[in-house]
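Just below is one structure, and these are the notes that go with it.
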Amino acid sequence: MEKFCVYGKLMAQEGKAQELAAYMQEVVKEMQNLDTCFCYILGEKADEPNSIYIYEVWESEQAHNDSLTLEVFQNLIAKARPIIAGMENLHKLTIFDGKASF
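Residues in the sequence shown are numbered consecutively from 1, following full-length UniProt numbering.
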């Protein structure tokens with residue numbers, strides 16, 4: 001059952017967190033159409049108002065990499081890029097068990 005997981009955060013330019021969150025919610029909608037994406041979760045921390053945390057679980061690292069090349073994803077990144085101040089803490093894990101449902 002091993003799956004590939006990556007998590008980290010995006011930092012929006014000051015005052016642009018809601019706009020970045022809206023772009024990322026578009027990504028979530030697109031990920032729902034990919035059979036190889038098992039989990040794509042967005043979160044926030046009260047003490048980091050410009051940050052969006054992302055937690056993803058994929059069939060494999062290759063499936064994750066393939067998703068980054070999709071036209072819809074590339075278009076969303078191009079729209080969001082001007083308001084992204086940075087990215088950090090992109091950790092990779094191998095998931096060996098768990099449950100997720102919403």
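Glycine included, each C-beta is placed from N, C-alpha and C at the ideal position.
Rounded straight-line distance, which links the Cα of residue 74 to that of residue 82: Taking the first residue of the sequence shown as position 1, residue 82 is located at position 82. Taking the first residue of the sequence shown as position 1, residue 74 is located at position 74. Their Cα atoms are separated by approximately 14 angstroms.
Three-way DSSP call (helix, strand, coil) for residue 76 in this model: If you number the sequence shown from 1, residue 76 lands on position 76. In the structure shown, residue 76 sits in a helix (DSSP, three-state: H, G or I).
Could you check the C-alpha separation between residue 30 and residue 88 for me, to the nearest Å? Stepping through the sequence shown from its first residue, residue 30 is reached at position 30. Stepping through the sequence shown from its first residue, residue 88 is reached at position 88. The alpha-carbon atoms of residue 30 and residue 88 are separated by roughly 23 angstroms.
Residue 57: buried (16+ other C-beta within 10 angstroms of its C-beta) or exposed? Your numbering for residue 57 matches position 57 in the sequence shown. Residue 57 comes out buried.
Tell me, which residues are paired with residue 43 by DSSP? What you label residue 43 is simply residue 43 of the sequence shown in a count that begins at 1. Note: residue 43 sits in a beta bridge opposite 53.
Compare the Cα-Cα distances from residue 63 to each of 76, 50, 37 and 48 and report the closest residue. Along the sequence shown, read from residue 1 onward, the residue named residue 63 stands at position 63. Checked all of 76, 50, 37 and 48; the closest Cα to residue 63 is 37.
If you run the structure through DSSP and keep just helix, strand and coil, what is residue 31? Locating residue 31 in the sequence shown gives position 31, where the first residue counts as 1. Residue 31: helix per DSSP, three-state reduction.
Distance, residue 17 Cα to residue 78 Cα: Here the question's residue 78 lines up with position 78 in the sequence shown. Here the question's residue 17 lines up with position 17 in the sequence shown. The alpha-carbon atoms of residue 78 and residue 17 are separated by roughly 16 angstroms.
Please name the residue or residues paired with residue 91 in a DSSP beta bridge. Within the sequence shown, the letter at position 91 stands for residue 91. Residue 91 has 7 as its beta-bridge partners, per DSSP.
Would residue 10 and residue 25 be called neighbours here (beta carbons separated by less than 9 angstroms)? Taking the first residue of the sequence shown as position 1, residue 10 is located at position 10. Taking the first residue of the sequence shown as position 1, residue 25 is located at position 25. Not in contact: residue 10 and residue 25 (Cβ atoms no closer than 9 angstroms).
Would a C-beta distance cut-off of 9 angstroms place residue 60 and residue 96 closer than the cut-off? As a working note, residue 60 is residue 60 in the sequence shown. As a working note, residue 96 is residue 96 in the sequence shown. No, the pair does not count as a contact, with Cβ atoms beyond the cut-off.
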